[in-house]
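Chain order of the listed sequences is A and B. Each residue of the first sequence is one higher than the last, beginning at 6 in this note's numbering. Each residue of the second sequence is one higher than the last, beginning at 76 in this note's numbering. The next block holds one structure in the form of structure tokens; read it before the comments.
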Amino acid sequence: MDVSGLVKRFGPTTAVDGLSLRLDQGTVLALLGPNGAGKTTTVEICEGFLRRDAGSVRVLGLDPATSGDRLRPRVGVMPQGGGAYPGVRAEEMLTLVAACAANPLSPAWLLDVLGLESARRTPYKRLSGGQQQRLSLACALVGRPELVFLDEPTAGLDPQARRLVWELVAALRADGVSVLLTTHVMEEAEELADHVVIIDKGRVVAEGSPRQLTAEQPDAARLRFRATPGLDTSELCAALPNGCRIDEPSPGAYQLSGRVDPQVVSAVTAWCARQGVLAEELHVGRRSLEDVFLELTGRELR
Amino acid sequence: MTTFPAGTFAPAPGRGRVGRMLATHARTEAVLTLRNSEQILLTLLIPLALLVGLTLLTIFSLPEPRVDSVAPRIFALAVMSSAFTGQAIALGFDRRYGVVKRLAATALPRWLLLAGRTSAAFVVVAVQLVVLGVVAAALGWSPSATGIVWAVLLVVLGTLSFGALGVLLGGALKAEIVLALANLVWFVLLLAGGIAVPASSMPGPLADIVTFLPSGALAEGLHTALTDGTAPHWTVFATLLAWGGAAGALATRTTKLA
């Protein structure tokens, strides 16, 4: 899939503003961004549900705006918030979607795998949010597609179901299926994606593999630990090399930024010993994808 | 922990067979309608109650046997109830629950989406008319045999015409507004649209208007065919075609997936 210079406007607002992305066969691309960043709009243009205002989009070599009928049999779509008749039973819905495909997976097997066996005969509107999500995922996969669009696949799922979805995505990738997923869950992108694209206000603000994105600049490493709140850190500051700074962003959570080397770690633990406190959850590490995301897209609520 | 053997999801895409897609889609929609208690109330129980009530209770004076005058009008009501009101409400809520978009994202071609829904509407109308016809027969209904062919043609045309109007309403507005409007229009057309009261019994200008409403045209046409056993006037067919054509043309522009 290849998207370049994509633009979509809704009246005076520009939802997608010159966005480009690329998804290679058999890989997983995660589209990350705050609410309203243009993720769903981008996905819906690639699915052929929305018309673009400018730019080019090729999906499996086809233009979704003009070749939708040839494209749809080859892709699986999980729209945000799912979709089914309010009164349809889970099994009836999946059977209907399966009938649209030439070589579908067994609906009964898929329901079983997704933990919907007991909800087989439950009408859609009486399924829990998580069950509706899982049914929607089943509908996206049942036709054995080459490419799958998952728009926030784990929204509203409990941790077990989320793990299951991650396993499914990993299995899809292993079998050569390409996956485009949008998510707010950083852990999900870190765990699943080969390539992450962070977008904000319709533009790409960063992209790369999760490791590239979270790679630490040498002077910006972080050491974190927890201890008694409100300790006087001036003595520790004096013992640290120049350029190191220690903060207590929330009570009891200390964070040291600067060049973290073995001497610095030793200085911190020695200082803790003198204070008679135990440093808990002592952690030196790269930034999380969430740190990167918040740095790039800001902390204010959308 | 579930594990998936390699190759479980190996791509094997393709579109299903057209006949199977159409049959599964139409069956699902027809079953959903016939399982929905509000739809059953609207499409079967109310027409049945009116059929029996108007035949047995002599509130209005009608020529004997009363059921011969009542049945064709109740058939018209049944067609309007399911093809228009039922269809509009179902489509309004189907859109709310995202099913139209869900199906549009499958390999189901666009024309088939419409064909499946239309086939389901015909199945439901057939069930309604069989049930109502059996009850009417039990009440002594004796339709004209030659008129039945005309009646079937009118029912098909009426279903398409009211169906297009139902899609026009249900495809454009919010589900709650569709629900309110579809019921209101049903009620107005039942009382003042030529179904309960024949156009000929209405005051001058109103009678002319009612003749050119789809409800008035269908009720008059069915009455002519089944009671008199003669071909309905051509304006009956023209009226139904015009409403259906206009609604269909407009609906292709205003119908939204979600």
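Yeah, the Cβ is synthetic: ideal placement off N, Cα and C, and Gly gets one too. Being a predicted model, the structure only gives us computed values, none of them experimental.
Alpha carbon of residue i to alpha carbon of residue j, nearest angstrom
i	j	result
residue 119 of chain A	residue 306 of chain B	58 Å
residue 217 of chain B	residue 145 of chain B	12 Å
residue 267 of chain B	residue 256 of chain B	16 Å
residue 329 of chain B	residue 70 of chain A	19 Å
residue 86 of chain A	residue 112 of chain A	21 Å
residue 50 of chain A	residue 56 of chain A	6 Å
residue 88 of chain B	residue 8 of chain A	22 Å
residue 320 of chain B	residue 292 of chain B	15 Å
residue 93 of chain B	residue 221 of chain B	36 Å
residue 79 of chain B	residue 78 of chain A	23 Å
residue 249 of chain A	residue 259 of chain A	13 Å
residue 246 of chain A	residue 253 of chain A	18 Å
residue 269 of chain B	residue 126 of chain B	16 Å
residue 317 of chain B	residue 6 of chain A	46 Å
residue 141 of chain A	residue 157 of chain A	11 Å
residue 173 of chain B	residue 295 of chain B	39 Å
residue 148 of chain A	residue 210 of chain B	45 Å
residue 229 of chain B	residue 171 of chain B	32 Å
residue 220 of chain A	residue 84 of chain A	32 Å
residue 206 of chain B	residue 147 of chain B	14 Å
residue 118 of chain B	residue 227 of chain B	18 Å
residue 102 of chain B	residue 191 of chain B	8 Å
residue 108 of chain A	residue 154 of chain A	19 Å
residue 333 of chain B	residue 46 of chain A	14 Å
residue 236 of chain B	residue 314 of chain B	9 Å
residue 135 of chain B	residue 15 of chain A	57 Å
residue 144 of chain A	residue 82 of chain A	8 Å
residue 202 of chain A	residue 287 of chain A	31 Å
residue 124 of chain B	residue 96 of chain A	35 Å
residue 100 of chain B	residue 86 of chain B	24 Å
residue 29 of chain A	residue 276 of chain A	50 Å
residue 133 of chain B	residue 298 of chain B	19 Å
residue 194 of chain A	residue 249 of chain B	35 Å
Paired residues, beta bridge with residue i - DSSP
i	result
residue 15 of chain A	A/18
residue 208 of chain A	A/205
residue 262 of chain A	A/227, A/250
residue 288 of chain A	A/229
residue 154 of chain A	A/82, A/185
residue 128 of chain A	A/94
residue 26 of chain B	No answer is possible for residue 26 of chain B: the residues shown for chain B start at 76 and end at 333.
residue 27 of chain A	A/7
residue 255 of chain A	A/258
Beta carbon of residue i nearer than 8 Å to that of residue j
i	j	result
residue 158 of chain B	residue 196 of chain B	yes
residue 21 of chain A	residue 303 of chain A	no
residue 84 of chain B	residue 146 of chain A	yes
residue 114 of chain B	residue 242 of chain B	no
residue 180 of chain A	residue 82 of chain B	yes
residue 150 of chain A	residue 182 of chain A	yes
residue 274 of chain B	residue 260 of chain B	no
residue 152 of chain A	residue 102 of chain A	no
residue 96 of chain B	residue 187 of chain B	yes
residue 37 of chain B	residue 164 of chain B	Here chain B comprises residues numbered 76 to 333, so residue 37 of chain B is not present and cannot be evaluated.
residue 156 of chain B	residue 184 of chain B	no
residue 52 of chain A	residue 282 of chain B	no
residue 25 of chain A	residue 10 of chain A	yes
residue 370 of chain A	residue 94 of chain A	Lying outside 6 to 307, the shown extent of chain A, residue 370 of chain A is not represented and no answer is given.
residue 34 of chain A	residue 200 of chain A	yes
residue 331 of chain B	residue 247 of chain B	yes
residue 98 of chain B	residue 198 of chain B	no
residue 67 of chain A	residue 210 of chain A	no
residue 154 of chain B	residue 200 of chain B	yes
residue 151 of chain B	residue 90 of chain B	no
residue 257 of chain A	residue 233 of chain A	yes
residue 36 of chain A	residue 187 of chain A	yes
Residue i Cβ short of 7 Å to the ligand SAM heavy atom set
i	result
residue 190 of chain A	Only the bare structure without any ligand can be found here, which leaves the ligand SAM out of the picture.
When the Cβ atoms of the stretch 230–241 of chain A are set against those of the stretch 291–305 of chain A, are three or more pairs found closer than 8 Å? no
Whole alpha helix (DSSP H) runs in the stretch 211–247 of chain A with 4 or more residues, listed along the chain? 215–219, 239–244
Indicate whether the contact test is met: 3 or more Cβ pairs, each with one atom in the stretch 122–130 of chain A and one in the stretch 83–98 of chain A, closer than 8 Å. yes
Which runs of the beta strand (DSSP E) spanning at least 3 residues fall entirely within the stretch 32–104 of chain A, listed in chain order? 33–37, 59–63, 80–83
Given 8 Å as the limit, is there contact between the stretch 226–234 of chain A and the stretch 260–275 of chain A, that is, 3 or more CB pairs closer than that? yes
Specify whether the stretch 101–113 of chain B and the stretch 193–209 of chain A touch according to this definition: at least 3 beta carbon pairs, one from each stretch, less than 8 Å apart. no
Quick check on the DSSP output: what are the complete alpha helix (DSSP H) runs of length 4 or more inside the stretch 262–286 of chain B, in order along the chain? 279–286
Looking at C-beta atoms only, is the number of pairs between the stretch 136–156 of chain B and the stretch 207–217 of chain B that lie closer than 8 Å three or more? yes
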